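Chemist: Pasting a structure below so you can have a look.
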Amino acid sequence: QKEVEQNSGPLSVPEGAIASLNCTYSDRGSQSFFWYRQYSGKSPELIMFIYSNGDKEDGRFTAQLNKASQYVSLLIRDSQPSDSATYLCAVNAGANNLFFGTGTRLTVIP
Amino acid sequence: DAGVIQSPRHEVTEMGQEVTLRCKPISGHDYLFWYRQTMMRGLELLIYFNNNVPIDDSGMPEDRFSAKMPNASFSTLKIQPSEPRDSAVYFCASSFKAGSVSTDTQYFGPGTRLTVL
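Protein chains in written order, with this note's numbering: chain A, 1 to 110; chain B, 1 to 117.
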């Protein structure tokens with residue numbers, strides 16, 4: 001059984017701080033990892049994907065992958081109230097299929 | 001690009017009625033996915049298609065649920081008969097597989113919020 005685990009939160013950070021979102025996965029064969037953001041009442045939208053160990057940066061977002069520890073994280077620098085949403089971690093399960101975590105709800109306090 | 005299109009956006013029906021949800025994937029995408037999202041269970045994969053062929057329907061909760069993809073630009077998810085526990089948001093997503101690891105990103109439609117009374 002492939003599993004993706006996330007802390008459901010809520011995670012609250014003050015505006016301007018760094019928000020750290022974490023995800024662990026059970027399938028060692030997983031090759032690609034995704035972070036989606038979902039605003040309340042909206043559909044998930046892709047923020048970033050990562051395939052290689054290490055860090056990948058895109059603007060204020062940094063994805064970190066450690067395959068040995070089966071751990072992937074998302075850092076949001078200079079958090080803004082507009083970043084308040086649920087963040088879903090997804091792991092490729094083969095043949096384009098993704099397994100999603102249940103999401104972490106982030107609140108950025110002005 | 002219009003993105004993934006779903007209809008209707010909201011559906012309210014009574015228990016026992018048939019419900020049909022519709023999806024038009026992004027043009028050129030080879031894969032189509034149907035998900036259900038609830039507060040309790042999060043995002044669950046129901047079924048997915050590759051080139052219009054169902055690949056994995058193990059997530060379909062029971063025989064009341066069926067899905068079809070008659071062509072590359074259209075898919076339906078049908079619930080017959082519907083029950084109150086089917087109330088959820090149903091998402092359709094599509095992705096393009098071209099042999100490159102960067103193309104397995106899934107793009108989601110706006111979803112259909114289903115309420116079964």
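Ideal placement from N, C-alpha and C gives every residue a C-beta, glycine not left out.
Being a predicted model, the structure only gives us computed values, none of them experimental.
(1) Excluding sequence positions up to five away, which residues of its chain have a Cβ less than 8 Å from the Cβ of A:Ser-8?
(2) Taking all protein chains shown into account, do 16 or more other C-beta atoms lie within 10 angstroms of the C-beta of A:Ser-32, making it buried, or fewer, making it exposed?
(3) What are the boundary residues of the beta strand (DSSP E) that includes A:Leu-106?
(4) Straight-line CA distance for B:Glu-11 to A:Asn-66?
(5) Can you give me the C-alpha to C-alpha distance between A:Ile-47 and A:Tyr-36, rounded to a whole angstrom?
(6) Between the stretch 73-81 of chain A and the stretch 36-45 of chain B, do three or more beta carbon pairs fall short of 8 Å?
(7) Taking a Cβ distance cut-off of 8 Å, strictly less, list which residues of the stretch 47-59 of chain B are near chain A, in chain order.
(8) For the candidate residues A:Asp-27, A:Ser-20, A:Glu-15, whose alpha-carbon lies nearest to that of A:Ser-69?
(9) Would you tell me roughly how many angstroms separate the C-alpha atoms of A:Gly-54 and A:Ser-20, rounded to the nearest one?
(10) Give the C-beta separation of A:Thr-107 and A:Ser-84 to the nearest angstrom, bearing in mind that I take them to be a contact with Cβ-Cβ under 8 Å.
(11) With distances taken between CB atoms, is the gap from B:Leu-114 to B:Thr-76 smaller than 8 Å?
(12) Check each candidate in B:Asp-104, B:Leu-45, B:Ala-2 and name the one with the smallest Cα separation from B:Ser-27.
(13) With 16 as the cutoff for other CB atoms within 10 Å, does A:Ile-18 come out buried or exposed?
(14) Does DSSP put A:Ser-82 in a helix, in a strand, or in coil?
Modeler: Judging by the given coordinates:
(1) Closer than 8 Å at Cβ, skipping near neighbours: Thr-102, Gly-103, Thr-104, Arg-105.
(2) A:Ser-32 comes out buried.
(3) In the DSSP assignment, A:Leu-106 falls within the unbroken beta strand (DSSP E) covering 104-109.
(4) Distance between the alpha carbons of B:Glu-11 and A:Asn-66 is about 42 Å.
(5) Cα-Cα distance, rounded: 5 Å.
(6) No: the two stretches stay apart, fewer than three of their Cβ pairs being nearer than 8 Å.
(7) Answer set for the stretch 47-59 of chain B: Tyr-48, Asn-50, Ile-55, Asp-56.
(8) Selected option, being the one with the closest Cα: A:Asp-27.
(9) Put simply, the backbone Cα of A:Gly-54 is about 16 Å away from that of A:Ser-20.
(10) Separation of the CB atoms of A:Thr-107 and A:Ser-84 is rounded to 5 Å, and the pair is thereby assigned contact status at 8 Å.
(11) Inclusion of B:Leu-114 and B:Thr-76 in the CB contact set at 8 Å is not warranted, their separation being larger than that value.
(12) B:Ser-27 has its Cα closest to that of B:Ala-2, out of B:Asp-104, B:Leu-45, B:Ala-2.
(13) Residue environment for A:Ile-18: exposed (fewer than 16 other C-beta atoms within 10 angstroms of its C-beta).
(14) If DSSP states are grouped into helix, strand and coil, A:Ser-82 belongs with the helices.
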